[in-house]
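Protein chains: 2
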Amino acid sequence: MTDLADDKGYHLSESVDVQSTTGDDWFVSQKGVEFAGTHLLLEFWEASQLSNETAIEQALVRAAEAAGAKVLDVRLHKFSPSGGVTGVLLLAESHISIHTWPERSYAAIDVFMCGDCDPHLSVPVLENIFRPGRMEVSEHKRGKVEHADSF
Amino acid sequence: MTDLADDKGYHLSESVDVQSTTGDDWFVSQKGVEFAGTHLLLEFWEASQLSNETAIEQALVRAAEAAGAKVLDVRLHKFSPSGGVTGVLLLAESHISIHTWPERSYAAIDVFMCGDCDPHLSVPVLENIFRPGRMEVSEHKRGKVEHADSF
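Those protein sequences? They're chains A and B, same order as listed. Sequential numbering of the first sequence, starting at 1, is according to this note's numbering. Sequential numbering of the second sequence, starting at 1, is according to this note's numbering.
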């Protein structure tokens, strides 16, 4: 896991110069690499608001908007007796999900986006609402095309 | 990325001897490691049925059942003109998601489960329906607790 968090500051790991390919092909091309989308796995520890469905929904929607994504649907479910919440935003550009474990002050958040969106822009929005004392972010390029001539 | 696929065969990467901790703590403990849940990232290439919403919904629900998970909600959305489909299952034990790029015969699938479920049991079900010519599976333990005495 690549930890992109640095002393609670957050740094973009690479250029956000995303260009969609043309025609009927919806993969993106970035610095000569072709892939389907960028998927961030976030681990928030010592976090707040993890049983608050209203705050969670607001966080996810704002995170999507900050990244330039279009929300198609929002689904949340709160569990009893733990108070944990599962939430998923379906986006025109993939999804954002959250699962919270309030008894551990922990949340697992995924921000998966394709197209011209920049999922890294979601991170400060999520941090601002959940206020993690510690976090880890790992980035995964999904559907990365391995060109034969790159070997 | 750890590639658990081996010549189209699929092998469990570790014991599925999952035990929930007791009381109000919903983290799991497996071989002395405490964590929130197991998250599989699947890359399916040269796959079929990627514009077929009925097949996709069936695949996700059967994958959840195979892993022992309880489905709370199913949401699917088909995109025009690409024919790509986004689908998410909310589970009592986290989620399964899929995003398809039919023009590339590619699907990005996530199987994230906590509790006593075994997400590895979802994989052959998904393979059987989408018939990928090539696949990659990476496993991520979410919310892994780093104990001070393990250093």
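Don't be surprised by glycine CBs; every beta carbon is placed ideally from N, CA and C. Everything numeric in this text was worked out from a predicted model, so none of it was measured.
Got a sec: which bits of the region 105-123 of chain A sit with their beta carbon under 8 Å from any beta carbon on chain B, in order along the chain?
-> Against chain B - using a Cβ distance shorter than 8 Å - the residues of the region 105-123 of chain A are 106, 108, 110, 112 and 114.
Give me the Cα-Cα distance between residue 57/B and residue 31/A, rounded to the nearest whole angstrom.
-> Position 57 of the second sequence, counted from the first residue, corresponds to residue 57/B. Position 31 of the first sequence, counted from the first residue, corresponds to residue 31/A. For residue 57/B and residue 31/A, the distance between alpha carbons rounds to 35 Å.
Quick one: is residue 82/A near chain B, going by C-beta distance under 7 Å?
-> What you label residue 82/A is simply residue 82 of the first sequence in a count that begins at 1. Yes, residue 82/A lies at the interface with chain B (some Cβ there is under 7 Å from its Cβ).
If we call anything under 7 Å between Cβ atoms a contact, is residue 67/A one with residue 135/A?
-> Here residue 67/A corresponds to residue number 67 of the first sequence, with the count starting at 1. Here residue 135/A corresponds to residue number 135 of the first sequence, with the count starting at 1. Against a cut-off of 7 Å, the Cβ pair of residue 135/A and residue 67/A comes out as no contact.
Enclosing beta strand (DSSP E) for residue 112/A [first to last residue] = The sequence position of residue 112/A within the first sequence is 112, counting from 1. 106-113 is the extent of the beta strand (DSSP E) around residue 112/A.
Put residue 157/A into one of helix, strand or coil per three-state DSSP.
-> Since the first residue of chain A shown is 1 and the last is 151, residue 157/A is not available in this structure.
Where does residue 38/B land, buried or exposed, given buried means 16+ other C-beta within 10 angstroms?
-> One-based indexing of the second sequence puts residue 38/B at position 38. That one is buried.
According to DSSP, what are the bridge partners of residue 30/B?
-> Translated into positions along the second sequence, residue 30/B becomes position 30. Paired residue(s): 33/B.
Give a yes or no on whether 7 Å exceeds the smallest Cβ distance from residue 103/A to chain B.
-> Here residue 103/A is taken as the residue at index 103 of the first sequence, counted from 1. Yes, contact with chain B.
Locate the alpha helix (DSSP H) running through residue 62/A, then write down its first and last residues.
-> Position 62 of the first sequence holds residue 62/A. Segment 53-67, the alpha helix (DSSP H) holding residue 62/A.
Residues in the region 64-97 of chain A having any Cβ partner in chain B nearer than 8 Å | Of all residues in the region 64-97 of chain A, 72, 73, 75, 77, 79, 81, 82, 84, 86, 88, 90, 91, 92, 94, 95 and 97 have a Cβ within less than 8 Å of some Cβ in chain B.
Please name the residue, chosen from 94/A, 107/A and 33/A, that lies closest to residue 26/B on a Cα-to-Cα basis.
-> On the second sequence, position 26 is the one that residue 26/B refers to. Of 94/A, 107/A and 33/A, the smallest CA-CA separation from residue 26/B is found for 107/A.
Please determine, among 71/A, 118/A, 77/A and 140/A, the residue with the shortest C-alpha to C-alpha distance to residue 98/A.
-> For the purposes of this step, residue 98/A is taken as residue 98 along the first sequence, with counting starting at 1. It is 77/A.
Assumed close pair residue 60/A, residue 137/A - CB separation to whole angstroms, cut-off 8 Å = For this step, residue 60/A is matched to residue 60 along the first sequence. For this step, residue 137/A is matched to residue 137 along the first sequence. Contact between residue 60/A and residue 137/A is ruled out by a C-beta separation of about 16 Å, above the 8 Å threshold.
Per-residue burial, residue 110/A [other beta carbons within 10 Å of its own, 16 or more giving buried] | Residue 110/A sits at position 110 when you count from the first residue of the first sequence. When all chains shown are included, residue 110/A counts as buried.
Looking only at DSSP bridge pairs, what is residue 88/A linked to?
-> Position 88 of the first sequence, counted from the start, is the residue given in the question as residue 88/A. 75/A and 97/A.
Neighbourhood of residue 145/A by C-beta, 6 Å cutoff - its chain only, sequence neighbours within 5 removed = Here residue 145/A is taken as the residue at index 145 of the first sequence, counted from 1. Result list for residue 145/A: 34, in chain order.
Say whether chain B places a C-beta atom closer than 7 Å to the C-beta of residue 59/A.
-> Residue 59/A sits at position 59 when you count from the first residue of the first sequence. Residue 59/A does not count as touching chain B.
Within 7 Å (strictly less), CB to CB, does residue 55/B reach chain A?
-> Mapped onto the second sequence, residue 55/B falls at position 55. No, residue 55/B lies away from the interface with chain A (no Cβ there is under 7 Å from its Cβ).
Below-7 Å beta-carbon distance, residue 130/B vs any chain A residue = To locate residue 130/B, count along the second sequence from 1; it is residue 130. No, residue 130/B does not count as interfacial toward chain A.
For residue 147/B, decide whether its Cβ has a neighbour in chain A, counting only Cβ atoms nearer than 7 Å.
-> As a position in the second sequence, residue 147/B is number 147, starting the count at 1. Proximity of residue 147/B to chain A, defined by a Cβ-Cβ separation below 7 Å, is not satisfied.
Pairwise C-alpha distance: residue 147/B and residue 50/B = Numbered from its first residue, the second sequence carries residue 50/B at position 50. Numbered from its first residue, the second sequence carries residue 147/B at position 147. Those two C-alpha atoms are separated by around 43 Å.
Kindly indicate the opening and closing residues of the beta strand (DSSP E) around residue 137/B.
-> In the second sequence, residue 137/B corresponds to position 137, counting from 1. First-last of the beta strand (DSSP E) with residue 137/B: 134-142.
If we cut at 7 Å on Cβ distances, does residue 36/B have a partner in chain A?
-> The residue given as residue 36/B occupies position 36 in the second sequence. Closer than 7 Å: yes.
Could you confirm whether any beta carbon from chain A is found closer than 7 Å to the beta carbon of residue 142/B?
-> For the purposes of this step, residue 142/B is identified with residue 142 of the second sequence, where counting begins at 1. Closer than 7 Å: yes.
With a threshold of 16 other CB atoms inside 10 Å of the CB of residue 80/B, please say whether the residue is buried or exposed.
-> For the purposes of this step, residue 80/B is identified with residue 80 of the second sequence, where counting begins at 1. With fewer than 16 other Cβ atoms within 10 Å, it is exposed.
Residue 43/A by DSSP, collapsed to three states: which one?
-> Start at 1 with the first residue of the first sequence, and residue 43/A comes out as number 43. Residue state, collapsed to three classes: strand.
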